[in-house]
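Just so we're on the same page, the numbering used here is the position in the sequence shown counted from 1, plus 1.
Every residue, glycine too, gets a C-beta built ideally from N, C-alpha and C.
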Amino acid sequence: MSPSFSVSYTLRVPEGVQAPGLQAEKTHQYEIKSEEGYARYYDALRSAIADVRAKTGDELTAWRDAVGNRELKKEPKSVKKDEDEEDEDEDEDEDEV
């Protein structure tokens, strides 16, 4: 049995997005060709990684194009100020007085 690896992703697509032919959940399975010697093995591994990177990149780009600006309509997450930052702000105010 040859060594292998897999890459999976699951996207949470906004409601109303029509993307025929695209799957929100996908797994790519790759076998590394058995080669003698470490150099050949790692060359085959690099090639497989480049292949999966290109395929997932193309798929995710298609999703980005399908979603468009719908992501911008999401409510931003509230950012909670860290207590340490608040203390520093208070210290700076005291120094100015």
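Helix, strand or coil at residue i [DSSP, three-state]
i, result
"serine 35", "coil"
"serine 48", "helix"
"glutamate 16", "coil"
Local Cβ density within 10 Å of residue i, reported as buried at 16 or more and exposed below that
i, result
"tyrosine 31", "buried"
Within-9 Å CB hit, residue i to chain C
i, result
"arginine 54", "In summary, chain C is missing from the structure at hand, where a single protein chain is found."
Sequence-distant residues of its chain with Cβ nearer than 6 Å to residue i (five each side left out)
i, result
"glutamate 14", "Correcting the residue identity first, residue 14 is valine in this sequence and not glutamate. Ala25."
Residue span of the beta strand (DSSP E) that contains residue i, given as start and end
i, result
"serine 7", "5-11"
Rounded separation between residue i and residue j - CA only
i, j, result
"tyrosine 10", "alanine 20", "16 Å"
"glutamate 16", "alanine 51", "32 Å"
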